[in-house]
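Q: Using this note's numbering, read the sequence shown as starting at 230 and increasing by one per residue.
Ideal placement from N, C-alpha and C gives every residue a C-beta, glycine not left out.
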Amino acid sequence: MTKEEVLALQDQMSNDPEFDPSFSQVADFSRLTDTDVRLADVHIFAKRDAFSIHSRRAIVVTGDVAFGFAKVFELCRQLCGASGIRVFRNREEASDWILSSEAASASCQHESTAGSSPSL
230 MTKEEVLALQ
240 DQMSNDPEFD
250 PSFSQVADFS
260 RLTDTDVRLA
270 DVHIFAKRDA
280 FSIHSRRAIV
290 VTGDVAFGFA
300 KVFELCRQLC
310 GASGIRVFRN
320 REEASDWILS
330 SEAASASCQH
340 ESTAGSSPSL
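(1) Under three-state DSSP, which class holds V255?
(2) On the DSSP bridge list, what partners appear for A287?
(3) In whole angstroms, give me the CA-to-CA distance for D245 and S251.
(4) Given a threshold of 16 other Cβ atoms within 10 Å of its Cβ, counted over all protein chains shown, does F280 qualify as buried or as exposed?
(5) Leaving out five residues before and five after V235 in sequence, what residues of the same chain have Cβ atoms less than 8 Å from its Cβ?
(6) Return the CA-CA distance between F296 and S253, expressed in angstroms with no decimal places.
(7) How long is the line joining the alpha carbons of H272 and K232, rounded to whole angstroms?
(8) Using alpha carbons as the reference points, say which of D240, R286, M230, F248 lies closest to L261.
(9) Going by other Cβ atoms of all chains shown within 10 Å of its Cβ, with 16 needed for buried, is R306 buried or exposed?
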């Protein structure tokens, strides 16, 4: 993965009329073996992010350096107002977190459209 590839992907998403910034995402970097991405680049990626601050996003990494970079990205997005980013060490936990969130959200939407109040 290169810095240019990440920037190109961000541009592609931002310019795609079919892309919904509120989408959820599981970004799996568990097989990442090499990159030219530097810490300063992570700050740039976070500022240009195509996703909404309300999107739920799971980042999957295995190595300690990748984990650190992902946590920096998470922190930078939090400084921009995002609160739905989590870093995971395995894809199953990341997927479970994303899907459980969407299931709860869909359930609340269904209850409110059916005219009933969600129970606490």
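A: Working from what's here:
(1) Looking up residue 255 in the sequence shown gives position 26. Of the three classes helix, strand and coil, the one that applies to V255 here is strand, per DSSP.
(2) Start at 1 with the first residue of the sequence shown, and residue 287 comes out as number 58. DSSP lists V255, R315 as partners of A287.
(3) Position 16 of the sequence shown, counted from the first residue, corresponds to residue 245. Position 22 of the sequence shown, counted from the first residue, corresponds to residue 251. Computed Cα separation, rounded: 14 Å.
(4) If you number the sequence shown from 1, residue 280 lands on position 51. F280 comes out buried.
(5) By one-based count along the sequence shown, residue 235 stands at place 6. So the qualifying residues of the chain are V266, D270, F274.
(6) Taking the sequence shown and counting its residues from 1, one reaches residue 296 at position 67. Taking the sequence shown and counting its residues from 1, one reaches residue 253 at position 24. Spanning the two alpha carbons is a distance of roughly 20 Å.
(7) Within the sequence shown, the letter at position 43 stands for residue 272. Within the sequence shown, the letter at position 3 stands for residue 232. In a straight line, the C-alpha of H272 is about 12 Å away from that of K232.
(8) The sequence position of residue 261 within the sequence shown is 32, counting from 1. Comparing Cα-Cα distances from L261 to each of D240, R286, M230, F248, the minimum goes to M230.
(9) Counted from its first residue, the sequence shown places residue 306 at position 77. Per the 10 Å Cβ criterion, buried.
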